[in-house]
Amino acid sequence: MSDALVRIEGLSRTFDVSKPWLNRVIEREPKAFLTAVADVSFEIRRGETFALVGESGSGKSTIAKMIVGLLAPSGGRIVFDGQPMTGTDGAAMRKLRKRFQMIFQDPFASLNPRWRVGEIIAEPIRTFGLASGAEVRREVARLLEVVGLGARDAAKFPHEFSGGQRQRIAIARALSSRPEFIVCDEPTSALDVSVQAQILNLMRDLQDEFGLTYLFISHDLSVVRHMAGRIGVLYLGRLAEVAEAKRLFTDPRHPYSRMLLDAVPDLAMTGRRRKQVEGEIPNPIDPPSGCAFHPRCPLVADRCRREVPRAVPSGDGMTACFAVEEGRG
Amino acid sequence: MSEPLLSVRDLVVEFPTRRGTLRALDRVSFDIAEGEVLGMVGESGAGKSITGSAIIGLIDRPGRIAGGEIRLRGERIDNIPEDRMRSIRGRRIGMVFQDPLTSLNPLYTVAEQLIETIRTHLGLSEREARERAVALLDQVGIPAARRRIDDYPHHFSGGMRQRVVIALALAAEPELVIADEPTTALDVSVQAQIIDVLRDICADRGAAVMLITHDMGVIAETADRVAVLYAGRVAEIGPVRDVIQAAEHPYTAGLMGSIPTLTQTAERLTQIPGAMPRLDAIPQGCAFNPRCPQVMPRCRTERPDLLARGQGRQVACWLHAREGVGDV
Chain A
1 MSDALVRIEG
11 LSRTFDVSKP
21 WLNRVIEREP
31 KAFLTAVADV
41 SFEIRRGETF
51 ALVGESGSGK
61 STIAKMIVGL
71 LAPSGGRIVF
81 DGQPMTGTDG
91 AAMRKLRKRF
101 QMIFQDPFAS
111 LNPRWRVGEI
121 IAEPIRTFGL
131 ASGAEVRREV
141 ARLLEVVGLG
151 ARDAAKFPHE
161 FSGGQRQRIA
171 IARALSSRPE
181 FIVCDEPTSA
191 LDVSVQAQIL
201 NLMRDLQDEF
211 GLTYLFISHD
221 LSVVRHMAGR
231 IGVLYLGRLA
241 EVAEAKRLFT
251 DPRHPYSRML
261 LDAVPDLAMT
271 GRRRKQVEGE
281 IPNPIDPPSG
291 CAFHPRCPLV
301 ADRCRREVPR
311 AVPSGDGMTA
321 CFAVEEGRG
Chain B
1 MSEPLLSVRD
11 LVVEFPTRRG
21 TLRALDRVSF
31 DIAEGEVLGM
41 VGESGAGKSI
51 TGSAIIGLID
61 RPGRIAGGEI
71 RLRGERIDNI
81 PEDRMRSIRG
91 RRIGMVFQDP
101 LTSLNPLYTV
111 AEQLIETIRT
121 HLGLSEREAR
131 ERAVALLDQV
141 GIPAARRRID
151 DYPHHFSGGM
161 RQRVVIALAL
171 AAEPELVIAD
181 EPTTALDVSV
191 QAQIIDVLRD
201 ICADRGAAVM
211 LITHDMGVIA
221 ETADRVAVLY
231 AGRVAEIGPV
241 RDVIQAAEHP
251 YTAGLMGSIP
261 TLTQTAERLT
271 QIPGAMPRLD
281 AIPQGCAFNP
291 RCPQVMPRCR
301 TERPDLLARG
311 QGRQVACWLH
321 AREGVGDV
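These protein sequences, in sequence, are chains A and B. Those letters in the first sequence? Residues 1 to 329, by UniProt numbering. Those letters in the second sequence? Residues 1 to 328, by UniProt numbering.
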């Protein structure tokens with residue numbers, strides 16, 4: 001296990017979703033908290049693509065934001081290449097910060113519309129002092145070519161590009177500080193399928209070329225199947241299962257993973273009837289007791305309503321389910 | 001099948017702009033048979049939603065239908081006055097849109113909205129309408145429908161709201177339901193439920209469905225036939241299984257290859273170079289020719305029409321014109 005680049009240990013995050021103080025006093029309501037991420041642990045190995053999947057409210061993006069430092073964790077820690085990131089001060093953090101980058105979902109929102117593409121890509125290069133003067137321009141031109149655009153595009157503004165091209169610009173910017181690790185939060189969700197294929201292919205090529213490690217976040221299981229080596233399945237802020245991609249898709253263990261896989265519409269499913277999916281995701285402000293999945297679970301037992309299941313190693317990954325633990329699954 | 005339920009012929013929709021007229025739909029033709037589910041796929045800007053809006057007479061101004069015709073059971077509905085269209089919209093053609101919050105009025109309870117719709121179109125009494133509304137909610141799978149009917153839309157979750165919208169669309173027993181991206185705003189596990197509800201309830205009532213979506217997986221599971229749109233034109237129409245497994249148009253073939261699936265693990269996805277042209281820059285000839293791997297000189301000058309290929313398949317591509325059927 002020494003080849004872990006990123007280690008997440010017992011990560012938690014709660015948000016205060018209380019009403020304003022005066023309302024609370026008048027309506028005699030206590031403070032309300034939303035647990036977006038609860039006790040999540042996993043590791044990302046050097047050079048692999050680790051994916052987090054889950055439906056809305058499962059905590060995928062919150063985890064991504066904590067890893068890149070956009071949100072402070074409420075508990076637990078993140079260890080990057082042996083160095084804990086929480087509590088690390090300015091200078092050391094800056095050094096670490098250079099080694100990971102993020103690609104966001106919406107390339108229309110993530111690029112500054114008033115900046116030229118050249119400046120957008122050059123900013124991290126200058127910030128981290130990687131090059132200066134004419135060298136910056138050469139580096140920007142090189143990066144644009146790496147992502148399939150042209151050196152001349154540096155003089156244009158983001159609005160002159162289509163969604164797919166903008167995502168290429170966002171990728172070029174992410175690559176500009178020569179990172180080892182890139183967090184990709186739904187990088188193709190805003191794109192059409194034919195453009196999505198181009199971006200996914202590009203991301204794989206870049207991984208091979210630069211030996212990148214990806215944390216890939218998506219709600220689209222087919223995309224995850226295509227990209228990831230290992231997958232973590234999140235449900236209401238907790239990891240339900242971590243498994244090798246191939247194993248998860250052929251032999252999902254956690255009842256939620258099974259349900260999710262059954263629900264995905266797929267090209268190969270023409271004319272086939274799916275198993276009926278039960279219920280909906282509960283409100284995360286008031287989650288069910290015990291295992292959060294128990295109200296929808298076909299294998300529910302008494303214990304599931306009382307206790308939160310622990311992550312139990314199974315094969316290459318882990319499963320957090322009493323039914324699997326007790327061999328009822 | 002003598003006469004199709006809905007027949008669209010050479011439909012042209014144009015949007016005048018300062019820099020000239022944009023053609024959002026360019027001679028689109030297709031039929032929907034009674035009780036059939038026709039999938040309509042394409043990437044953003046291909047004209048899927050405009051087709052739906054044109055059928056129900058709700059194209060945003062200054063857009064207009066500039067040519068062609070739309071017939072519902074043989075009767076033209078594209079050039080009729082607005083008051084007659086209103087008696088068709090909602091009554092004979094129901095609608096389900098992507099975002100359930102925008103199709104429900106937040107100021108009225110679900111009961112009020114359903115009862116109003118039912119009474120407007122079917123002329124029942126308040127009490128009969130209420131009974132009918134409860135039965136509908138029950139059928140679309142709202143638990144404790146009798147109690148929940150008096151709730152407001154915001155009391156329901158996204159998936160439940162979309163069920164209410166489906167109930168509303170079906171309230172007047174329409175012959176055709178146009179569902180525009182009905183599950184795009186929902187999570188996968190809920191999406192599966194909504195697709196099942198939509199398909200089953202329409203099958204029960206013999207209502208035909210025009211299912212507009214960008215998600216081929218949804219089409220694969222739900223539709224009988226599928227029409228593939230590209231740059232405001234129909235590229236290919238056929239039974240869903242044939243189109244997915246043996247696409248005849250190079251665009252459809254590329255599109256299918258570019259979709260990652262759960263079952264196969266290709267190292268690389270098929271890649272169509274470039275992107276769909278903007279409406280003000282649609283190339284001459286076949287709109288797909290600059291991206292087509294099998295482009296021929298003819299494709300750059302002449303636009304291919306939809307050619308019948310047998311077994312209900314039609315394709316607009318010169319590659320297939322040589323082989324007999326519809327040869328020029």
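Ideal Cβ positions, reconstructed from N, Cα and C, are used throughout, including at glycine.
With a 10 Å radius around its C-beta and 16 neighbouring C-beta atoms as the bar for buried, classify residue i as buried or exposed.
i	result
Gly254/B	buried
Lys31/A	exposed
Trp318/B	buried
Leu11/A	buried
Gln193/B	buried
Gly20/B	exposed
Lys60/A	buried
His226/A	buried
Gly123/B	exposed
residue 379/A	Residue coverage of chain A in this structure runs from 1 to 329, which leaves residue 379/A outside it and unanswerable.
His254/A	buried
Glu248/B	buried
Val328/B	Low per-residue confidence applies at Val328/B: pLDDT is 40, beneath 50, and the placement is therefore not dependable, though the value from the model is reported in the following sentence. Label assigned to Val328/B: exposed.
Asp31/B	buried
With a Cβ-Cβ cutoff of 9 Å, do residue i and residue j count as a contact?
i	j	result
Gly57/A	Ile281/A	yes
Ala268/A	Val277/A	no
Ala223/B	Val37/B	yes
Pro158/A	Ile121/A	no
Val228/B	Ser29/B	no
Thr184/B	Ile195/B	no
Ile282/B	Tyr251/B	no
Ala320/A	Cys297/A	no
Glu173/B	Ala208/B	no
Val79/A	Ile231/A	no
Ala179/B	Ala167/B	no
Ile259/B	Val195/A	no
Ile212/B	Gly52/B	yes
Ile103/A	Ala51/A	no
Ile50/B	Gly232/B	yes
Just checking: is the beta-carbon of residue i within a distance shorter than 9 Å of some beta-carbon in chain A?
i	result
Ala192/B	yes
Arg268/B	yes
Val188/B	yes
Gly232/B	no
Gly39/B	no
Ser258/B	yes
Val328/B	Because the pLDDT of Val328/B is 40, which lies under 50, any placement of that residue in the model is unreliable, and the number read from its coordinates should be weighed accordingly. Taking Cβ atoms only, chain A never reaches closer than 9 Å to Val328/B, which makes this a no.
Thr51/B	no
Leu262/B	yes
Could one say the Cβ of residue i lies closer than 9 Å to chain B's Cβ atoms, at least one of them?
i	result
Val193/A	yes
Val264/A	yes
Met1/A	Bear in mind that a pLDDT of 46 at Met1/A, under 50, signals an unreliable position, so the number given afterwards is only what the model happens to contain. False, the Cβ-Cβ gap to chain B never drops below 9 Å.
Ser257/A	no
Ala197/A	yes
His294/A	no
Arg225/A	yes
Arg204/A	yes
Val277/A	yes
His219/A	yes
Gly164/A	yes
Asn201/A	yes
Phe249/A	yes
Leu260/A	yes
Ser56/A	yes
Return yes when at least one heavy atom of the ligand COA lies under 8 Å from the C-beta of residue i, else no.
i	result
Gly148/A	This structure lacks the ligand COA, and indeed carries no ligand of any kind.
Next on the checklist: Quick test of the definition: if touching needs 3 or more C-beta pairs under 8 Å, does the region 125-145 of chain A touch the region 203-216 of chain A?
Outcome noted: Three or more Cβ pairs closer than 8 Å define a contact, and the region 125-145 of chain A falls short of that threshold against the region 203-216 of chain A.
Checklist entry - Can you list, in chain order, the stretches of the beta strand (DSSP E) that have 3 or more residues and sit fully within the region 146-234 of chain A? => result Look at the region 146-234 of chain A and you find these whole runs of beta strand (DSSP E), each 3 residues long or longer: 181-185 and 213-218.
Item to check | Uninterrupted beta strand (DSSP E) stretches inside the region 158-194 of chain B (no shorter than 3 residues) | outcome: 176-180, all fully within the region 158-194 of chain B.
Item to check | Ranges of the alpha helix (DSSP H) found wholly within the region 24-112 of chain B, counting only runs of at least 4 | outcome: The region 24-112 of chain B contains these whole alpha helix (DSSP H) runs: 48-55, 82-88 and 100-103.
Next on the checklist: As an exercise, report each continuous alpha helix (DSSP H) stretch of at least 4 residues that is fully enclosed by the region 203-236 of chain B, in chain order.
Outcome noted: Counting only runs of 4 or more, we get 216-222.
Checklist entry - Within the chosen definition, does the region 139-150 of chain A reach the region 69-79 of chain A through at least 3 CB pairs nearer than 8 Å? => result Contact between the region 139-150 of chain A and the region 69-79 of chain A is absent, because fewer than three Cβ pairs lie under 8 Å.
Checklist entry - Quick one: any contact between the region 10-25 of chain A and the region 39-50 of chain A, if contact means 3 or more CB pairs under 8 Å? => result Contact annotation: the region 10-25 of chain A touches the region 39-50 of chain A, with at least three C-beta pairs closer than 8 Å.
Next on the checklist: Going residue by residue through the region 91-137 of chain A, where are the continuous beta strand (DSSP E) segments of at least 3 residues, counting only ones entirely within it?
Outcome noted: Listed in chain order, the beta strand (DSSP E) runs fully inside the region 91-137 of chain A are 100-103, counting runs of at least 3 residues.
Item to check | Three CB pairs or more closer than 8 Å across the region 51-64 of chain B and the region 79-91 of chain B | outcome: Touching, per the Cβ criterion.
Checklist entry - Does the region 302-314 of chain A come close enough to the region 8-23 of chain B to have 3 or more Cβ pairs within less than 8 Å? => result No contact exists between the region 302-314 of chain A and the region 8-23 of chain B.
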